[in-house]
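Count along the sequence shown starting at 1, add 586, and that's the number in our numbering. Note that beta-carbon positions come from the ideal geometry of N, C-alpha and C, so glycine has one too. Treat the numbers as computed from the prediction; the structure is a model and nothing was measured.
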Amino acid sequence: RFCSVKMEFFFLLKKFSDCSKLMFLKFMPLREKINEQFTAALKNKNKILVSTLRLILTAIKEKDIANRSGKNKENVKDPEIIKVLRKMKKQRQDSVVLYQKGDRQELAEAENEEIKIIEKFLPKQFDDEETKKICKEVIESLKASSVKDMGKIMGTLKQKYSDSIDFSKANTIIKDMLNQ
């Protein structure tokens, strides 16, 4: 039954314009979005996109296999996929720093391209100004006054803004605000 419904959706997608396809992709599970992008990249012969998406799909499959050996026998869901993507992005950011220190600009640029591709599938994160504003609000609401309150602040931020805030930036912003 589910398979027939899915087939009907894809049949409808072929009938509608590209705008309609984009709207449908917005509500599609993350794994399916990545697979759709992968097949499109294969058709367009975009080597960088194909290799990066292949790496992403491999990391997701590794997570699936790790889950099967534990209690949870299901495939990973979107929140776990987002964690995998964040980890991949962090690895590439670290590589960029090392490549720049080693004066290997071409490798750093390749890693930056992969970061851009990975970021397409991650939820949008707040910029520095929004992060400062949120951190200030949390500090005021908790009446935090010293670095000792850092755990409470970070815990509150993780509860409310786990997908949309960069915690390394938030950490430095909070330390600066508390040390003033």
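In this structure MET763 does not touch ILE704 by the C-beta definition: roughly 30 Å separates them, more than the 8 Å allowed. Taking 8 Å as the cut-off, the Cβ atoms of ILE668 and THR717 do not count as close. Uninterrupted alpha helix (DSSP H) stretches at least 4 residues long and entirely within the segment 648-689 occur at 664-687, given in chain order.
ASN765 carries a coil assignment under DSSP once its states are collapsed to helix, strand and coil. Distances from the alpha-carbon of CYS721 to those of LYS746, LYS702, LYS633 put LYS746 closest. If you ignore the 5 residues before and after ASN765, its C-beta comes within less than 8 Å of the C-beta of VAL733, all in its own chain and listed in chain order. Assigned with DSSP and collapsed to three states, GLN711 falls in coil, not helix or strand. Contact annotation: ILE646 and ARG678 have beta-carbon atoms that are not nearer than 8 Å. When secondary structure is reduced to three states using DSSP, ASP735 falls in the helix class. Judged by pairs of C-beta atoms under 8 Å, the segment 637-644 touches the segment 619-627, as three or more such pairs exist. Looking from the CA of PHE753, the closest CA among LYS629, LYS676, TYR685, GLY688 belongs to LYS676. ASN630: member of the alpha helix (DSSP H) spanning 616-630, first to last residue.
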